[in-house]
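If you're matching positions, the sequence shown starts at 25 in my numbering and goes up one per residue.
Encoded as structure tokens, the structure appears first; notes follow it.
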Amino acid sequence: MASGHGSSPLPRGGRDGIYHKERDPPPPRCRTICSLPDVCPKEPTGEGRGLCDGPSVVAEHDRWTVYSSKVNLPAALNDPRLAKRESDFFTKTWGLDFAETEVMPSFYLPNITREHFGPYLQEMAQRERIHERCKTICPNKDDVDAVSSITTNHDKSRAELEQVPKIFMKPDFALEDPATFNAVLPWSHFNSAGGKSSRDVASSKLLQEKLSHYLDVVEVSIARQISLRSEAFFHAMSSQHELQDRLEETQRAVAVLRGRTAAIDRVMCQGPLRAVRTALTRNNCVKLHNKLKLMAAVHQTQPTVQLLLSTSEFVGALELISTTKEVLQQELQGIHSFRHLGSQLCELEKLIDKMMVEDFSMYARSDLNRSLKDEPLVLEKVHNPNAASQKERLESLVFGLLRQRKLDFLDIYSEEMILAAKAIVSQCVAENVLLIEDIDTEVVTKLADQMRLMTFPQWFELLKTVFESFLLFLQKIKATLSVIKNVVLEVLASNQRNRLLEEAGSAPPVQEAPDGLSLLQGEAELAYLTHEGLFISDALNEASRIQQSRAEADGSESASGATESFVSREQSFMSGDNMMPSDLELNRVINNIQELLHTASDVSHDRCVKVLTARAKDGSLERLSSAEFVCLSRAVEGFVRDTEELCGRRSVSLRGALQSQANRFVHRFHEERKTKLSLLLDNERWKQAEVPSEFQDLVNSIADGRITLPERKIPGPEDRKPTEFLLVNGQKYAVIGTVLLLIRIFLEYCQCVNDIPSIATDMLTRLSDLLKHFNSRSCQLVLGAGALQVVGLKTITTKNLALASRCLQLVVHYIPIIRAHFETKLQPKQFSVLRHFDHITKDYNDHIAEISAKLVAIMDSLFEKVLSKYEVKAPMPSACFRNVCKQMAKMHEAISELLPEEQTQMLFLRINASFKLHLKRQLARLGVVNDGGPQNG
């Protein structure tokens, strides 16, 4: 506990202004023996060492002395709660953790080790050895006496203490215990009957004296022990006084140190700390002000969203809601007043979704149902002059629906498109019916019935009106879908640009961003939220102006950083990367747009098919003339071609319906002409007919390669007279009237094929059937002699047979021409049907051969009949041969003008051969031998 003597209570200042503690001077070689203090301690006077005016380390208010102690010294120094005795002194004032705190060693005090005491120990070692040797050789007399007296007193006190019962020496001695109390005060020696007898009084006095004796023995022993340790006790008291003096010096030094520290704090620390505190307070106020502005902007979110929705600014409203939700989650999280705003914004977002779907449905309905004859494809202005254009409105709706991933909006447009297509047909029919006075709409209410009451020209005008309306309808749909497709392509391109920016941003930056970047971003976001205008672009421009003004004040370097920050902020505001669909979904939407255009084409064709089938229900289309059906076919083909060019899809429904009607038309067309041909053949008398000039012109046009029906000429005075023969490539053909009409009929077939190429196959089959019918029916009437019963001919003459053969030859002449014409109208895979013409040609040639054989057979039967009566007698020539020559002359006269010369020559050669054969047989039967005599003829 002792410290070096002579140490100054106050530290001295060094040259550098730092106070250093003085080192203790080296100890003197001879130290004087300090006398023990007085037995009764005195109050320290503190002469020359008065306490300073500063605060005390031990007590802040009252001066502490040894008399201020309320307990004895062992109780003050021995605290059973602590392991170290000296720690209680400090922990009593500064807390239990004071002594546990690790104190950093001073940098200005040397580290004292055992080597520092080496010289002193070497110097004092010799003296200590001499002193110890002297003590053992010559002990002190007082010490010997003291030891002997202590030993004697100790034995005596032990003997006296042994007189005290052991119960008083037990550590658990307690009079509260009944057993202990009865052992110390044996009440059994006293009379318990009541009252005090002399014996009880004597016993109590004896017990009292015994206990007093025990107390005296103990007190004497304690006094003896105290007297033996008085020197150590007084030494402790003196040490306590010295400790008190040292504490006073320490108190004064601490007071001086505190004063200087307070001066340093006042001069050097309070001002800068106040400046730092003020700056922090200002930054906190700025943050609080921005936070309050942000809260005010967030508070105005719902009114702003309602204002944006009133102008159909769906994208801006959704962006504002998204940004507000992000601000609530990041910067305003935990604010009690906004605890319900997040759920309200979610509900508002769902409401906007419904509004966008309903608005898109209304837009599609109004856009598809309006007339386009006097209006552009996309209206530039709606009824409200302050509203955005229809195109911008549509783009805003599509962008908002894409942002909310409502990718089924095309289904809504498809449903409205189907309803609008139905309305177009109803409107066209109603408008045309109003112009027709013969139709009473109150009586005939159904549209199909009204259409069937129209004449063909009226219905055809209606059909053309429907076609025009649907073409305008498809143009309108294509324009609308192109706007939607452009929006989807812009979003797709934006996603790709953002992906490239993210990939570029993921690379390590070349230079760190300036410190104010986050503040500028916050200002951009705050400007976006607090803007009071209608459009989001104005808010972004405002934020850009704020950042540019800041950048100009801070310098070009910070200006570039602020501009880049704003660009990234604008992209994050307007792109909506987290909500936008993926590239795969956007490509699927683009495909759906194209499919929707194809669906529009199919729907238009289906509605036109309804108009066509409603008219054809009563068979009116089947009764059309070829010219009318050709007009209908051309109109349908033109509409199909226009829709195919417009929509890029080859719809088959209307073509199929037209093909079905064409098949019915072909069937009726063929049946009419077949019936007409049958009637002509049944009434044909098989006589040579005159050839009108128009039929000759028709044949001449065929010879020139024009396989079409010429326009009918109005008969005039300059018309040529009919001729007897039909000239075909310089050859004369004697024909009947039915063949002339047959030529015109198959030209009508060719004309239909020219006008309706799709029915070429069916028409070829029907024309083949017609030619076969003419061949078979003519065979039945002529060769089969059916004309005898049908027409009433008396007989079938050779002239009838020759005329029929020449007519068949004329038809055979035109079959290759008809074949070549149909070959140009067929596809290569359809050429197999041309074999019908080969079969027909073979049938016709067989028929011609049968007629020739019939002519030969007629003469053959004549020869057999006449020569059977021949006899070899005069006169010569005989009547039989004269008859044969007469019949031959008649036959030649009948067929020579009808058949060509080559055929006539071949026919008579066959007849001559037949005559010779019959003559030879008759001569052989008569027994005439060719012996050169006159009987041989």
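Even for Gly, the Cβ is constructed at its ideal location relative to N, Cα and C.
In this text, all values refer to a predicted model and were calculated from it rather than measured experimentally.
Around the C-beta of Tyr773, 16 or more other C-beta atoms lie within 10 Å, and the residue is accordingly described as buried. Residue pairing by DSSP places Lys756 opposite Leu751 in a beta bridge.
Val715 sits in a strand when the DSSP states are folded into three classes. Separation of the CB atoms of Ser782 and Ala686 is rounded to 6 Å, and the pair is thereby assigned contact status at 8 Å. Cβ-Cβ distances below 8 Å link Gln755 to Pro924 in the same chain, with the five nearest sequence neighbours on each side left out; the list follows chain order. Between Asp666 and Leu834, the beta carbon gap of about 44 Å keeps them out of contact (Cβ cut-off 8 Å). Bounds of the alpha helix (DSSP H) holding Thr348 are Phe338 to Gln354. The three-state reading of DSSP puts Asn135 in coil, since its state is none of H, G, I, E or B. Phe131 and Ala149 have their alpha carbons spaced roughly 33 Å apart. The C-alpha of Arg639 is placed about 12 Å away from the C-alpha of Lys470. Segment contact: the segment 879-895 against the segment 807-819, fewer than three CB-CB distances shorter than 8 Å; contact not assigned. Counting along the chain, the unbroken alpha helix (DSSP H) around Cys158 starts and ends at Gly142 to Ile161. Proximity of the segment 905-921 to the segment 843-853 falls short of the contact definition, fewer than three beta-carbon pairs being nearer than 8 Å.
For the set Asp870, Ala713, Asp642 and Pro840, the Cα lying nearest the Cα of Leu477 is the one of Asp642. In this structure, Val449 lies near Val635, with their beta-carbon atoms less than 8 Å apart. Per DSSP, reduced to three states, the secondary structure at Gln232 is helical.
If one requires a minimum length of 4 residues, the alpha helix (DSSP H) runs lying completely within the segment 647-699 are 650-671, in chain order. The segment 843-894 contains, as complete alpha helix (DSSP H) runs of 4+ residues, the segments 859-891 (chain order).
Sequence-distant partners of Ser675 (beyond 5 residues in either direction) whose C-beta falls short of 6 Å from its own C-beta, in its chain, are Ser625, Asp626 and His629. Cys370: member of the alpha helix (DSSP H) spanning Leu365 to Asn393, first to last residue. Listed in chain order, the non-local C-beta contacts of Leu764 below 6 Å within the same chain comprise Phe719, local neighbours out to five positions each way being set aside. In this structure the segment 423-434 lies against the segment 331-343, because at least three pairs of beta carbons, one per stretch, are closer than 8 Å. Ser438 and Thr623 do touch by the CB rule: their CB atoms are close to 6 Å apart, below 8 Å.
By the Cβ-count criterion, Met883 is buried, with 16 or more other Cβ atoms from all chains shown falling within 10 Å of its own Cβ.
In the same chain as Cys655, and ignoring 5 residues on each side of it, the C-beta atoms closer than 8 Å to its own belong to Phe484, in chain order. Taking 8 Å as the cut-off, the beta carbon of Glu184 is found closer than this to the beta carbon of Ser245. For Ala638, the enclosing alpha helix (DSSP H) begins and ends at Asp607 to Ala640. A straight line joining the alpha-carbon of Thr789 with that of Ser650 spans about 18 Å. Sequence-distant Cβ neighbours of Thr747 in its own chain, meaning closer than 6 Å and more than five residues away, are Val715.
Under the three-pair Cβ rule at 8 Å, the segment 890-909 does not count as touching the segment 871-882. Between Phe384 and Phe491, the C-beta gap is not smaller than 8 Å, which leaves the two residues out of contact. Around the CB of Cys309, fewer than 16 other CB atoms lie within 10 Å, so the residue is classed as exposed. Between Ile935 and the set Met912, Thr699 and Gln946, the nearest pair of CA atoms involves Met912. Glu243 and Cys158 have their C-alpha atoms roughly 39 Å apart.
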